[in-house]
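**Student:**
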Amino acid sequence: MHNAISPLLEKDVYKLYLLIEALKRIDKNESSRGTTKILNDVEKYLKQSLNSLNTDDLESLQEESGELLQKFYRWLIQGFEIHTEINYLSPNRKKELIALGYFLQGELSTQEEFSYIKKVLRSYLAIIERFRNPSSTQ
Numbered sequence: 017m018h019n020a021i022s023p024l025l026e027k028d029v030y031k032l033y034l035l036i037e038a039l040k041r042i043d044k045n046e047s048s049r050g051t052t053k054i055l056n057d058v059e060k061y062l063k064q065s066l067n068s069l070n071t072d073d074l075e076s077l078q079e080e081s082g083e084l085l086q087k088f089y090r091w092l093i094q095g096f097e098i099h100t101e102i103n104y105l106s107p108n109r110k111k112e113l114i115a116l117g118y119f120l121q122g123e124l125s126t127q128e129e130f131s132y133i134k135k136v137l138r139s140y141l142a143i144i145e146r147f148r149n150p151s152s153t154q
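So in our numbering, spot 24 of the sequence shown is number 40, and the numbers just go up one at a time.
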């Protein structure tokens with residue numbers, strides 16, 4: 017876990033934090049303006065990541081707004097630690113986040129690893145879609 021997360025840039029840690037927060041809110045079926053904003057941000061990151069995998073344009077992952085970094089620093093000041101947040105997740109979700117950490121580091125090299133990340137990204141997009149439109153899953 018440490019090797020997948022610690023080398024990440026702050027913006028990438030923030031992306032993982034938002035993903036974890038989104039998953040926790042979905043698990044709790046928490047609907048609020050804050051949840052909507054987090055889901056929108058996470059959906060944007062997931063789509064960017066999936067698109068970059070499809071186009072082999074990993075440079076597009078480097079863009080990030082200063083506003084998001086400022087939010088991240090505020091969380092850091094408040095004592096936020098991504099490792100603590102990850103510990104509350106299921107083993108399968110931990111595995112997915114470790115893989116995403118390596119992906120954000122640019123450490124994936126095999127077709128199998130890229131296929132797995134695409135599957136994970138698509139599954140998170142599907143989770144968000146089901147949460148937003150619960151009637152469409154029945």
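Yeah, the Cβ is synthetic: ideal placement off N, Cα and C, and Gly gets one too. All values derive from a computational prediction rather than experimental measurement.
If you reduce the DSSP assignment to three classes, tell me which class glutamate 128 lands in.
**Tutor:** helix
**Student:** Rounded to whole angstroms, how far is the Cβ of leucine 141 from the Cβ of isoleucine 133, which I believe are closer than 8 Å?
**Tutor:** So it is not a contact: roughly 13 Å between Cβ atoms.
**Student:** In this structure, how does DSSP classify tyrosine 104 when only helix, strand and coil are distinguished?
**Tutor:** coil
**Student:** Determine the DSSP secondary structure at leucine 137, reduced to helix, strand or coil.
**Tutor:** Three-state result, leucine 137: helix.
**Student:** In terms of residue numbering, what span does the alpha helix (DSSP H) encompassing asparagine 56 cover?
**Tutor:** 49 to 71
**Student:** Give a yes or no on contact between the stretch 111 to 120 and the stretch 45 to 58, applying the rule of three or more CB pairs nearer than 8 Å.
**Tutor:** no
**Student:** Using a Cβ-Cβ cutoff of less than 7 Å, which residues in the same chain neighbour aspartate 28 once the five nearest sequence positions on both sides are dropped?
**Tutor:** So the qualifying residues of the chain are Leu120.
**Student:** Measuring alpha carbon to alpha carbon, tell me which residue in Leu55, Leu34 and Leu35 is nearest phenylalanine 147.
**Tutor:** Leu55
**Student:** Is isoleucine 144 closer than 8 Å to glutamate 59 when the C-beta atoms are compared?
**Tutor:** yes
**Student:** Whole-angstrom Cβ separation of leucine 39 and arginine 109, contact assumed at under 8 Å?
**Tutor:** The beta-carbon separation of leucine 39 and arginine 109, rounded to 7 Å, stays under the 8 Å limit for a contact.
**Student:** Helix, strand or coil: which one does DSSP assign to glutamate 37?
**Tutor:** If DSSP states are grouped into helix, strand and coil, glutamate 37 belongs with the helices.
**Student:** Would you call tyrosine 61 buried or exposed, if buried means 16 or more other Cβ atoms sit within 10 Å of its Cβ?
**Tutor:** buried
**Student:** Can you give the beta carbon distance from isoleucine 36 to leucine 105, rounded, assuming they're within the 8 Å contact cut?
**Tutor:** 7 Å
**Student:** According to DSSP, is glutamate 26 part of a helix, a strand, or is it coil?
**Tutor:** Of the three classes helix, strand and coil, the one that applies to glutamate 26 here is helix, per DSSP.
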